[in-house]
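Please read the structure below before turning to the comments.
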Amino acid sequence: MIHELLTPRQVADACGDDDLVVWAAQDLAGGARAWAGGQAVLAAAADISRRDRMAVWGHPADAADLVRHALAELGPTYRPLGEAGLVEAVAGRVEGMERVAAFSWMSLDHLPIGPSDGVSWLEGAYDGEIARLLAADAPDSYAAPGRPGVARWAGARVEGALAAVAADAWSAPTVGFMAGVATASALRGRGLAGRVCRWLSGRLVAAHGRAALMVDDHNEAALRLYAALGYRRRPVTVSAVAG
4 MIHELLTPRQ VADACGDDDL VVWAAQDLAG GARAWAGGQA VLAAAADISR RDRMAVWGHP
64 ADAADLVRHA LAELGPTYRP LGEAGLVEAV AGRVEGMERV AAFSWMSLDH LPIGPSDGVS
124 WLEGAYDGEI ARLLAADAPD SYAAPGRPGV ARWAGARVEG ALAAVAADAW SAPTVGFMAG
184 VATASALRGR GLAGRVCRWL SGRLVAAHGR AALMVDDHNE AALRLYAALG YRRRPVTVSA
244 VAG
(Lines of atoms letter the chains of each structure in order from A and count residues from 1; the text may use other names and numbers.)
(Lines give C-alpha, C1' and ligand atoms only; values in the text may rest on other atoms or scores of the structure.)
Protein backbone atom coordinates (compact mmCIF):
# COMPACT_ATOMS: atom_id res chain seq x y z
CA MET A 1 0.00 0.00 0.00
CA ILE A 2 1.30 3.44 -0.94
CA HIS A 3 1.41 6.03 1.83
CA GLU A 4 2.66 9.60 1.89
CA LEU A 5 5.72 10.57 3.92
CA LEU A 6 5.22 13.85 5.73
CA THR A 7 8.61 14.78 7.17
CA PRO A 8 12.22 14.69 5.94
CA ARG A 9 13.01 12.28 8.79
CA GLN A 10 10.35 9.85 7.55
CA VAL A 11 11.88 10.02 4.07
CA ALA A 12 15.40 9.36 5.37
CA ASP A 13 14.25 6.45 7.53
CA ALA A 14 12.26 4.87 4.68
CA CYS A 15 15.11 4.91 2.13
CA GLY A 16 18.06 4.22 4.42
CA ASP A 17 19.06 7.89 4.23
CA ASP A 18 19.85 7.62 0.51
CA ASP A 19 21.33 11.03 -0.31
CA LEU A 20 19.70 11.34 -3.75
CA VAL A 21 16.20 10.67 -2.43
CA VAL A 22 16.72 12.87 0.64
CA TRP A 23 17.94 15.68 -1.64
CA ALA A 24 14.94 15.36 -3.96
CA ALA A 25 12.59 15.63 -0.98
CA GLN A 26 14.15 19.03 -0.18
CA ASP A 27 12.35 19.97 3.07
CA LEU A 28 8.93 18.73 1.89
CA ALA A 29 7.85 22.35 1.54
CA GLY A 30 6.87 24.39 -1.48
CA GLY A 31 4.97 21.49 -3.02
CA ALA A 32 7.67 18.81 -2.56
CA ARG A 33 6.18 15.42 -1.69
CA ALA A 34 7.28 11.87 -0.95
CA TRP A 35 5.72 8.41 -0.81
CA ALA A 36 6.67 4.89 0.23
CA GLY A 37 5.14 1.63 -0.88
CA GLY A 38 6.31 -1.96 -0.59
CA GLN A 39 10.10 -1.85 -0.81
CA ALA A 40 10.42 1.50 -2.57
CA VAL A 41 10.49 5.23 -1.86
CA LEU A 42 9.95 8.22 -4.15
CA ALA A 43 10.55 11.91 -3.41
CA ALA A 44 9.61 14.70 -5.81
CA ALA A 45 10.12 18.45 -6.02
CA ALA A 46 9.51 21.04 -8.72
CA ASP A 47 12.28 22.99 -10.43
CA ILE A 48 15.29 21.56 -8.61
CA SER A 49 18.40 21.74 -10.75
CA ARG A 50 16.16 23.16 -13.49
CA ARG A 51 13.79 20.16 -13.72
CA ASP A 52 10.71 18.76 -12.02
CA ARG A 53 12.37 15.67 -10.54
CA MET A 54 11.34 12.53 -8.69
CA ALA A 55 14.09 10.38 -7.17
CA VAL A 56 13.30 6.69 -6.80
CA TRP A 57 14.85 4.03 -4.58
CA GLY A 58 14.18 0.36 -3.90
CA HIS A 59 12.55 -2.58 -5.67
CA PRO A 60 11.77 -1.93 -9.38
CA ALA A 61 8.16 -3.16 -9.35
CA ASP A 62 7.30 -1.17 -6.22
CA ALA A 63 9.18 1.87 -7.56
CA ALA A 64 7.17 1.68 -10.79
CA ASP A 65 3.94 1.74 -8.75
CA LEU A 66 5.18 4.85 -6.95
CA VAL A 67 6.10 6.54 -10.24
CA ARG A 68 2.59 5.93 -11.62
CA HIS A 69 1.10 7.30 -8.41
CA ALA A 70 3.34 10.38 -8.39
CA LEU A 71 2.67 11.15 -12.06
CA ALA A 72 -1.07 11.01 -11.37
CA GLU A 73 -0.65 13.35 -8.39
CA LEU A 74 1.91 15.77 -9.81
CA GLY A 75 1.69 15.62 -13.59
CA PRO A 76 3.83 14.37 -16.51
CA THR A 77 6.62 16.97 -16.23
CA TYR A 78 8.23 15.07 -13.35
CA ARG A 79 11.16 12.88 -14.36
CA PRO A 80 12.17 9.71 -12.48
CA LEU A 81 15.84 9.81 -11.47
CA GLY A 82 17.89 7.14 -9.76
CA GLU A 83 20.45 4.39 -10.07
CA ALA A 84 20.79 3.39 -13.69
CA GLY A 85 19.53 -0.19 -13.41
CA LEU A 86 16.55 0.78 -11.28
CA VAL A 87 15.33 3.59 -13.53
CA GLU A 88 15.80 1.46 -16.66
CA ALA A 89 13.64 -1.22 -15.02
CA VAL A 90 11.02 1.32 -13.94
CA ALA A 91 10.84 2.83 -17.44
CA GLY A 92 10.18 -0.64 -18.83
CA ARG A 93 7.24 -1.07 -16.47
CA VAL A 94 5.55 2.36 -16.84
CA GLU A 95 3.66 2.86 -20.08
CA GLY A 96 4.82 5.79 -22.19
CA MET A 97 8.08 6.32 -20.31
CA GLU A 98 11.48 6.45 -21.99
CA ARG A 99 15.10 6.95 -20.99
CA VAL A 100 16.23 10.53 -21.67
CA ALA A 101 19.57 11.10 -19.94
CA ALA A 102 22.42 9.58 -17.96
CA PHE A 103 25.09 11.22 -15.82
CA SER A 104 26.71 10.84 -12.41
CA TRP A 105 25.53 11.81 -8.96
CA MET A 106 28.45 12.43 -6.59
CA SER A 107 28.32 12.90 -2.83
CA LEU A 108 30.69 13.78 -0.01
CA ASP A 109 30.22 13.17 3.72
CA HIS A 110 33.48 14.56 5.15
CA LEU A 111 35.41 17.80 5.02
CA PRO A 112 37.79 17.88 2.05
CA ILE A 113 41.49 18.34 2.71
CA GLY A 114 43.69 20.77 0.83
CA PRO A 115 44.15 24.47 0.04
CA SER A 116 41.18 26.77 -0.36
CA ASP A 117 42.73 30.14 0.43
CA GLY A 118 41.55 33.14 -1.53
CA VAL A 119 37.94 31.92 -1.73
CA SER A 120 34.98 33.69 -0.12
CA TRP A 121 31.24 34.19 -0.40
CA LEU A 122 30.23 36.64 -3.13
CA GLU A 123 27.53 39.05 -2.04
CA GLY A 124 24.61 40.14 -4.23
CA ALA A 125 26.50 43.08 -5.70
CA TYR A 126 28.58 40.57 -7.69
CA ASP A 127 25.60 38.99 -9.51
CA GLY A 128 26.35 40.79 -12.76
CA GLU A 129 29.99 39.74 -12.70
CA ILE A 130 29.04 36.13 -11.98
CA ALA A 131 26.50 36.16 -14.80
CA ARG A 132 29.10 37.44 -17.27
CA LEU A 133 31.58 34.74 -16.27
CA LEU A 134 28.95 32.03 -16.71
CA ALA A 135 27.78 33.42 -20.04
CA ALA A 136 31.33 33.41 -21.39
CA ASP A 137 32.68 30.19 -19.92
CA ALA A 138 29.77 28.02 -18.70
CA PRO A 139 26.72 29.00 -20.77
CA ASP A 140 24.95 25.68 -20.07
CA SER A 141 25.14 26.08 -16.28
CA TYR A 142 21.86 25.24 -14.57
CA ALA A 143 22.71 27.64 -11.73
CA ALA A 144 22.78 31.38 -12.38
CA PRO A 145 22.24 34.46 -10.22
CA GLY A 146 18.59 35.08 -9.52
CA ARG A 147 17.30 31.66 -10.50
CA PRO A 148 14.92 30.02 -7.99
CA GLY A 149 16.74 27.82 -5.50
CA VAL A 150 20.18 29.34 -6.13
CA ALA A 151 21.08 30.56 -2.64
CA ARG A 152 24.58 32.05 -2.83
CA TRP A 153 27.89 31.95 -4.64
CA ALA A 154 31.51 31.33 -3.69
CA GLY A 155 34.34 32.65 -5.79
CA ALA A 156 38.02 33.43 -6.20
CA ARG A 157 39.72 36.41 -7.85
CA VAL A 158 42.94 36.83 -9.78
CA GLU A 159 44.35 40.35 -10.02
CA GLY A 160 40.96 41.75 -9.04
CA ALA A 161 38.98 39.89 -11.68
CA LEU A 162 36.50 37.14 -10.85
CA ALA A 163 38.25 33.93 -11.89
CA ALA A 164 36.19 30.95 -10.63
CA VAL A 165 32.78 30.43 -9.04
CA ALA A 166 30.45 27.76 -7.66
CA ALA A 167 26.96 27.98 -6.17
CA ASP A 168 25.11 26.64 -3.16
CA ALA A 169 21.88 25.81 -4.98
CA TRP A 170 18.84 23.60 -4.34
CA SER A 171 20.28 22.36 -1.06
CA ALA A 172 18.15 20.16 1.19
CA PRO A 173 18.30 20.19 5.00
CA THR A 174 20.74 17.25 5.17
CA VAL A 175 22.29 17.42 1.67
CA GLY A 176 23.99 20.57 0.46
CA PHE A 177 24.13 20.86 -3.33
CA MET A 178 26.89 22.43 -5.44
CA ALA A 179 26.25 23.71 -8.97
CA GLY A 180 27.35 26.43 -11.37
CA VAL A 181 31.06 25.55 -11.23
CA ALA A 182 32.94 27.71 -13.73
CA THR A 183 36.44 29.08 -14.35
CA ALA A 184 37.42 31.88 -16.70
CA SER A 185 38.91 30.17 -19.75
CA ALA A 186 42.08 32.30 -19.69
CA LEU A 187 42.80 31.17 -16.12
CA ARG A 188 42.21 27.44 -16.37
CA GLY A 189 44.94 25.08 -15.27
CA ARG A 190 45.79 27.01 -12.10
CA GLY A 191 43.71 24.90 -9.72
CA LEU A 192 41.19 27.69 -9.12
CA ALA A 193 38.12 25.49 -9.59
CA GLY A 194 39.59 23.02 -7.12
CA ARG A 195 40.04 25.71 -4.50
CA VAL A 196 36.52 27.08 -4.94
CA CYS A 197 34.91 23.63 -4.94
CA ARG A 198 36.95 22.51 -1.92
CA TRP A 199 35.99 25.64 0.02
CA LEU A 200 32.30 25.43 -0.86
CA SER A 201 32.13 21.66 -0.34
CA GLY A 202 33.54 22.10 3.15
CA ARG A 203 30.90 24.64 4.03
CA LEU A 204 28.09 22.51 2.61
CA VAL A 205 29.25 19.49 4.62
CA ALA A 206 29.57 21.61 7.76
CA ALA A 207 26.07 23.06 7.31
CA HIS A 208 24.17 20.02 6.03
CA GLY A 209 26.25 16.95 6.89
CA ARG A 210 26.78 16.04 3.22
CA ALA A 211 27.44 17.70 -0.11
CA ALA A 212 26.37 16.49 -3.55
CA LEU A 213 26.47 17.47 -7.19
CA MET A 214 25.60 16.27 -10.69
CA VAL A 215 28.22 15.92 -13.42
CA ASP A 216 28.18 14.79 -17.04
CA ASP A 217 30.00 11.50 -17.58
CA HIS A 218 31.98 12.92 -20.50
CA ASN A 219 33.43 15.71 -18.32
CA GLU A 220 36.56 13.83 -17.32
CA ALA A 221 38.32 16.87 -15.84
CA ALA A 222 35.39 17.56 -13.49
CA LEU A 223 35.13 13.89 -12.52
CA ARG A 224 38.82 13.85 -11.58
CA LEU A 225 38.48 17.07 -9.61
CA TYR A 226 35.50 15.89 -7.57
CA ALA A 227 37.05 12.47 -6.95
CA ALA A 228 40.19 14.20 -5.65
CA LEU A 229 38.01 16.13 -3.20
CA GLY A 230 36.60 12.85 -1.91
CA TYR A 231 33.25 12.73 -3.72
CA ARG A 232 31.87 9.25 -4.38
CA ARG A 233 30.41 8.62 -7.83
CA ARG A 234 27.12 6.89 -8.63
CA PRO A 235 25.86 6.49 -12.23
CA VAL A 236 22.24 7.60 -12.56
CA THR A 237 19.64 7.59 -15.31
CA VAL A 238 16.66 9.84 -15.97
CA SER A 239 13.47 8.83 -17.71
CA ALA A 240 10.47 10.89 -18.76
CA VAL A 241 6.98 10.58 -20.15
CA ALA A 242 7.40 10.45 -23.94
CA GLY A 243 6.53 13.70 -25.67
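Count along the sequence shown from 1, then add 3; that gives the number in my numbering. Quick reminder that beta carbons are idealized off the backbone N, C-alpha and C, glycines included.
| query | Going straight from the alpha carbon of Arg193 to that of Tyr145, what length do you get? | reply | When rounded, the distance between both Cα atoms is 24 Å.
| Which one of Ala209, Arg150, Leu125 has the shortest CA to CA distance from Ala169? | Ranked by Cα distance from Ala169, the options Ala209, Arg150, Leu125 are led by Leu125.
| Whole runs of the beta strand (DSSP E) within the region 36 to 101, excluding any shorter than 3 residues | Runs of beta strand (DSSP E) with 3 or more residues, each lying fully within the region 36 to 101, are found at 36 to 40, 43 to 51, 54 to 61, 82 to 86, listed in chain order.
| field | Given His221 as reference, the closest of Cys18, Asp50, Val244, Ser107 once Cα atoms are compared | value | The shortest Cα separation from His221 among Cys18, Asp50, Val244, Ser107 belongs to Ser107.
| request: Helix, strand or coil for Ala245, going by three-state DSSP, please let me know. | output: In the structure shown, the three-state DSSP call for Ala245 is coil.
| request: Pull up the DSSP beta-bridge partners for His6, would you. | output: According to DSSP, His6 bridges with Ala39.
| task | Look up Ala233 in the DSSP assignment and say whether it is helix, strand or coil. | result | The residue asked about is misnamed: residue 233 is Gly in this sequence, not Ala. For Gly233, the three-state secondary structure derived from DSSP is coil.
| task | Determine the direct distance from the alpha carbon of Val103 to that of Pro238, and round the result to whole angstroms. | result | The alpha-carbon separation between Pro238 and Val103 amounts to approximately 14 Å.
| task | Would you mind sorting Ala10 into buried or exposed? The rule is 16 or more other CB atoms within 10 Å of its CB. | result | Looking at the sequence shown, residue 10 is not Ala but Thr. With fewer than 16 other Cβ atoms within 10 Å, it is exposed.
| said: Whether or not the region 109 to 127 and the region 84 to 93 are in contact is what I'm after, with contact meaning three or more pairs of Cβ atoms, one per stretch, closer than 8 Å; do they touch? | reply: With a cut-off of 8 Å, the region 109 to 127 and the region 84 to 93 do not count as touching, because too few Cβ pairs lie within range.
| Helix or strand or just coil, what does DSSP make of Pro238? | DSSP, reduced to helix, strand and coil, places Pro238 within a strand of the structure shown.
| Considering only C-alpha positions, which residue in the set Val90, Ala154, Thr177, Cys200 is nearest to Asp171? | Minimum Cα distance to Asp171 is reached at Ala154.
| In whole angstroms, what separates the C-alpha of Ala215 from that of Glu162? | Taken atom to atom, the span from the alpha-carbon of Ala215 to that of Glu162 is near 31 Å.
| Looking at the structure shown, is Arg227 part of a helix, part of a strand, or coil, going by DSSP? | Helix.
| Among the residues of its own chain, which have a CB less than 7 Å from the CB of Val24, if the five just before and after it don't count? | Residues Val14, Cys18, Val44, Ala46, Ala58, Trp60 of the same chain have their beta carbon placed closer than 7 Å to that of Val24, with the five preceding and five following residues left out of the count.
| Is Ala159 closer than 8 Å to Leu207 when the C-beta atoms are compared? | Going by C-beta atoms, Leu207 is not nearer than 8 Å to Ala159.
| task | With DSSP as the reference, label Trp173 as helix, strand or coil. | result | Judged by DSSP in its simplified three-state form, Trp173 adopts coil rather than helix or strand.
| said: Counting C-beta neighbours from all protein chains within 10 Å, is the total for Ser188 16 or more, i.e. buried, or is it exposed? | reply: Per the 10 Å Cβ criterion, exposed.
| field | N-terminal and C-terminal residue of the beta strand (DSSP E) that Gly179 is part of | value | Counting along the chain, the beta strand (DSSP E) containing Gly179 begins and ends at 179 to 186.
| What are the residues that DSSP puts in a beta bridge with Arg160? | Residue pairing for Arg160: DSSP places it in a beta bridge opposite Leu165.
| request: Below 7 Å CB to CB, which residues in the same chain sit around Glu132 once its five sequence neighbours on both sides are set aside? | output: So the list reads Leu165, once near-sequence residues are dropped.
| query | Beta-carbon separation of Met181 and Leu203 under 8 Å? | reply | Result yes, Cβ atoms of Met181 and Leu203 sit closer than 8 Å.
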